[in-house]
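First the structure, in the form of structure tokens, and then the observations on it.
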Amino acid sequence: METLLQQLINGLTIGSVYALVALGYTMVYGILGLINFAHGDLVMVGALSALQTMMFLMGVAPGMSPIAMLTLALLVAMPVCMMLGFTMERLAYRRLRNAPRLAPLITAIGMSFLLQTIAMILWGRSYHTFPQLISTTPLQPIAGVFITPVQIAILITSALIMVALILLVTRTRVGRAMRATAENHKVASLMGVDTNAVIAMTFVVGAALAAVAGVMFASNYGIAHYGMGFMPGLKAFTAAVLGGIGNLGGAMLGGITLGLVESFGAGYIEDLSFGFLNSSYQDIFAFIILGLVLIFRPTGLLGERVSDRA
Amino acid sequence: MNELVAAVPWLGRRNPMAARWLIIVLALAAPLIAMMFGRSWVRVLDFALLYMMLALGLNVVVGFAGLLDLGYIAFYAVGAYTFAFLASPHFGVHWPFWAVLPLGAAFAALAGIALGFPVLRLRGDYLAIVTLGFGEIIRIFMNNLNYPINITNGPQGINMIDPIVLFGWDLSRTLKIGDFTINSLYLYYYFFLLCVAGSILLIQRLQISRIGRAWAAMRDDELAAKAIGINIRNMKLLAFSLGATFGGVAGCLFGAFQGFVSPESFSLMESIAVLTMVVFGGMGNIAGAVVGALVLALLPEVLRDIAVPIQQMLFDRVLLDPEVLRMLLLSLAMILMMLLRPVGLIPAKARYAHPEHLPRKKEARP
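Right under this line is the structure:
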């Protein structure tokens, strides 16, 4: 029972990080029909630029409070990612909007590896310890379940961000423009929506979420390196598909579900496979779920879109 | 051969015969030229030939059938590990090369079908992601199947794999004819060259066959292809398994040549590298795959030789190590090619091309 609850907490935490990244995927997909492969690597850029800021701050003002430091780090990481997201869209994806199907996808893969390479040049190949400004030592166990302050912080922050995003999309003018563009580019632009600006905006918002997710991810695990964004990126994509791509609520649901499946799976795989498989197989759950969803319910849990838009 | 003539466009158009001979002479003389720069270059050429085979195989899947496969390296891995299992001290089995090669190819083809079945309904980007997942799953298994039963020996990989022995003739030994010695790297080169030439022949015949035309039809418009009576399911499975076969054969050769396999050689980056070669050279085009593989396999090595001394001269230290340069090169090649010349270095002939790449009226994406 305690293991169950413990895995539940762990799953919720990691799931809400996935959800944040998945929102970025799903928004871009909803509007452009493009899987922005490089989105996962924005998570990495967010984490590493936050790390850089923290290092700088620790050198300049050693006595600074952890919360202030974290906030400042986020205030640097988010604009960095937003600028990257904007640049990617402007320089590459915009030119390919009318190109054949495979072209934008291949470009996005190239973009992902380009970001990783640049990060490798800037930050080296080694794993960096990420300062854990919010403690990762568990609080007093409640019903035998250990929960760490950083987990609480992640859960609260991501809930707040998701609410804010939903409000942005459903209640504001920009949000309405986004929904209109997602529905139909041409008609939206006939109605006076500056679709180019809306698409750029989508990339920027997604990138900001990725930056926050990156900082959360790194804070939770205490580690950052140039390739850290790829796997969470793929998993977040899985989450987006699981929830129904193009659907914001779906991305959140999918992220949380995936986090739970992964943490329960990792917790119980050894018993389930009679000791043949162990938790180092954790990463395959996402792929198996992805395969199953695409085969049996390509529209995802909440989505209406169909998988093949030829 | 006729296909390859496109690789030398200027000469190829005016005098195909001369172009043909030029390619043959170059292919035969390449290791001798490479030797002038050092023995390691012959090795680089050997690997370039393996990449060529991979690119040719992936080209069948991506270029001919239009199925974007990001897990292609998994088949290479299946081939390499089959060879490692059946011809190394790891299990104490030492089957002859000619017995293992078809098995490696067959297992890879089976893996291709195993991947193909579940993804029959998927297209485009979804297909890409699922195949990527397939590649990763294979790699994760190779990495972890050393416990509780040691099958793959985990991240350490399997070493001391038997070399290729053709009818009692060991390619890994220096050949001595009188006073004349031929280094093993040459022997491998010419054997691989033979394999690549065979693959090209086979793939070329395949492309103009009923199957090849069915693939082209399917790639261009699946619904229309179905309507004229093409069995989409079988064609897709055939594309996956035939493409995988080439990967499997290349994997066997790789395992035997290198004498050592580990999961590290089959990372996603390698899948992407092979895809870049196909895209760079020109999708759906044999000459494109060959040239793409040659250029992108050689260029990083050339850079390794040039960039490191230059950096040392300019900055007194190495800022960008060769591996970083390779990644930079591949990712930029992919992005820039898609932006500036999406048809690739050598565009496919119109009759084989993606119609999407031909000039047409612009239409908005939904």
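Here the protein sequences line up with chains A and B, keeping their order. Here the numbering used here is used: the first residue of the first sequence is 1, the next is one more, and so on. Here the numbering used here is used: the first residue of the second sequence is 1001, the next is one more, and so on. Idealized CB from N, CA, C, for every residue including glycine.
Whole-angstrom C-beta distance between residue j and residue i, which should lie under 8 angstroms
| i | j | result |
| --- | --- | --- |
| Ala286(A) | Lys235(A) | 4 angstroms |
| Gly1259(B) | Ile1182(B) | Rounded, the Cβ-Cβ distance is 19 angstroms, inconsistent with contact. |
| Leu1238(B) | Phe1192(B) | With a Cβ gap of about 26 angstroms, Leu1238(B) and Phe1192(B) do not count as contacting. |
| Leu23(A) | Ala251(A) | 5 angstroms |
| Thr299(A) | Gly244(A) | 6 angstroms |
| Pro131(A) | Leu139(A) | At roughly 20 angstroms, the Cβ-Cβ gap does not stay under 8 angstroms, so Pro131(A) and Leu139(A) are not in contact. |
| Leu1050(B) | Val1290(B) | So it is not a contact: roughly 13 angstroms between Cβ atoms. |
| Met1218(B) | Ala1065(B) | 6 angstroms |
| Met216(A) | Ile154(A) | 5 angstroms |
| Ser1262(B) | Gly1112(B) | Going by Cβ atoms, the distance from Ser1262(B) to Gly1112(B) rounds to 23 angstroms, so no, they are not a contact pair. |
| Leu1332(B) | Ala92(A) | About 11 angstroms separates the two Cβ atoms, so there is no contact after all. |
| Gly227(A) | Gly85(A) | That belief does not hold up - the Cβ atoms of Gly227(A) and Gly85(A) are roughly 19 angstroms apart, past 8 angstroms. |
| Gly11(A) | Leu260(A) | 4 angstroms |
| Ala211(A) | Met88(A) | That pair is no contact at about 14 angstroms. |
| Thr202(A) | Met231(A) | No, Thr202(A) and Met231(A) are not in contact; Cβ-Cβ is about 24 angstroms, not under 8 angstroms. |
| Leu1058(B) | Leu1275(B) | 6 angstroms |
Any C-beta of chain A under 7 angstroms from that of residue i
| i | result |
| --- | --- |
| Tyr1126(B) | yes |
| Asn1144(B) | yes |
| Ala1364(B) | Unreliable positioning characterises Ala1364(B) in this predicted model, as indicated by a pLDDT of 48, which lies under 50. A coordinate reading is not provided. |
| Ile1310(B) | no |
| Leu1110(B) | no |
| Val1324(B) | yes |
| Pro1300(B) | no |
| Pro1367(B) | The question about residue 1367(B) has no answer here: the residues shown for chain B are numbered 1001 through 1366. |
| Phe1327(B) | Per the sequence shown, residue 1327(B) should be read as Met rather than Phe. True, the Cβ-Cβ gap to chain A drops below 7 angstroms. |
| Gly1133(B) | yes |
| Leu1202(B) | no |
| Leu1122(B) | yes |
Outcome for residue i when other beta-carbon atoms lying within 10 angstroms are tallied against a minimum of 16
| i | result |
| --- | --- |
| Tyr127(A) | exposed |
| Glu1264(B) | exposed |
| Val1093(B) | exposed |
| Val306(A) | Low local confidence applies: a pLDDT of 46 at Val306(A) is under 50, so the model's placement there is unreliable, and no value is given. |
| Leu272(A) | exposed |
| Leu4(A) | exposed |
| Glu1363(B) | Residue confidence for Glu1363(B) is low, a pLDDT of 49 falling below 50, so the modelled location carries little weight; the figure read from the coordinates is stated next. Exposed, by the Cβ-count rule. |
| Lys973(B) | Residue 973(B) is absent from the model: chain B starts at 1001 and stops at 1366. |
| Phe1315(B) | exposed |
| Pro1342(B) | buried |
| Gln1207(B) | buried |
| Glu1136(B) | buried |
| Met1036(B) | exposed |
Chain B within 7 angstroms of residue i, Cβ atoms only
| i | result |
| --- | --- |
| Gly291(A) | yes |
| Phe113(A) | yes |
| Phe287(A) | yes |
| Ile35(A) | yes |
| Tyr18(A) | no |
| Arg90(A) | no |
Within chain B, partners of residue i - CB distance below 9 angstroms
| i | result |
| --- | --- |
| Phe237(A) | Ile1129 |
| Asp283(A) | Glu1136, Ile1137, Ile1140 |
| Arg176(A) | Those within 9 angstroms of Arg176(A) in chain B number zero; the least Cβ separation is about 20 angstroms. |
Contacts of residue i in chain A (Cβ-Cβ under 9 angstroms)
| i | result |
| --- | --- |
| Pro1102(B) | The contacting residues do not exist; Pro1102(B) stays about 29 angstroms from chain A at best. |
Chain A contact residues for residue i, given Cβ-Cβ distances below 8 angstroms
| i | result |
| --- | --- |
| Asn1320(B) | It is Leu, not Asn, that sits at residue 1320(B) in the sequence shown. Ile121, listed in chain order. |
| Pro1263(B) | By Cβ distance, chain A contributes nothing, its closest Cβ being about 12 angstroms from Pro1263(B), past 8 angstroms. |
Chain B residues whose Cβ lies nearer than 8 angstroms to that of residue i
| i | result |
| --- | --- |
| Arg95(A) | Leu1339 |
Under 7 angstroms by beta carbon: chain A residues contacting residue i
| i | result |
| --- | --- |
| Ile1228(B) | By Cβ distance, chain A contributes nothing, its closest Cβ being about 17 angstroms from Ile1228(B), past 7 angstroms. |
| Ile1113(B) | Near Ile1113(B) there are no residues of chain A at all, since even the closest Cβ is about 15 angstroms away, more than 7 angstroms. |
| Ile1272(B) | Ile109, Phe113 |
Practice problem: Report the residues of the region 97-109 of chain A with a CB closer than 7 angstroms to any CB of chain B, ordered along the chain. | Solution: Correct list: Arg97, Asn98, Ala99, Pro100, Arg101, Leu102, Ala103, Leu105, Ile106, Thr107, Ile109.
Quiz prompt | Against chain B: residues of the region 260-280 of chain A by CB proximity under 9 angstroms | solution = Look at the region 260-280 of chain A: the residues with a C-beta under 9 angstroms from a C-beta of chain B are Gly275, Phe276, Leu277, Asn278, Ser280.
Quiz prompt | Residues, ordered as in the chain, of the region 292-303 of chain A that lie near chain B by beta-carbon distance below 7 angstroms | solution = Hits within the stretch, in order: Leu294, Ile295.
Quiz item: Which residues, in chain order, does the region 116-130 of chain A contribute to contact with chain B at a C-beta distance below 9 angstroms?
Solution: Only Gln116, Thr117, Ile118, Met120, Ile121, Arg125 from the region 116-130 of chain A bring a Cβ to less than 9 angstroms from some Cβ of chain B.
Self-check item: Contact list for the region 1330-1348 of chain B against chain A, Cβ threshold 9 angstroms
Solution: From the region 1330-1348 of chain B, only Leu1330, Ser1331, Leu1332, Ala1333, Met1334, Ile1335, Leu1336, Met1337, Met1338, Leu1339, Pro1342 have a Cβ closer than 9 angstroms to chain A.
Self-check item: Residues in the region 1276-1293 of chain B having any Cβ partner in chain A nearer than 7 angstroms
Solution: Of all residues in the region 1276-1293 of chain B, only Val1279 come within less than 7 angstroms of chain A when Cβ atoms are compared, listed by chain position.
Exercise. Can you give me, in chain order, the residues of the region 1048-1081 of chain B that have a beta carbon less than 9 angstroms from any beta carbon in chain A?
Key: Within the region 1048-1081 of chain B, the qualifying residues are Val1062, Gly1066, Leu1068, Leu1070.
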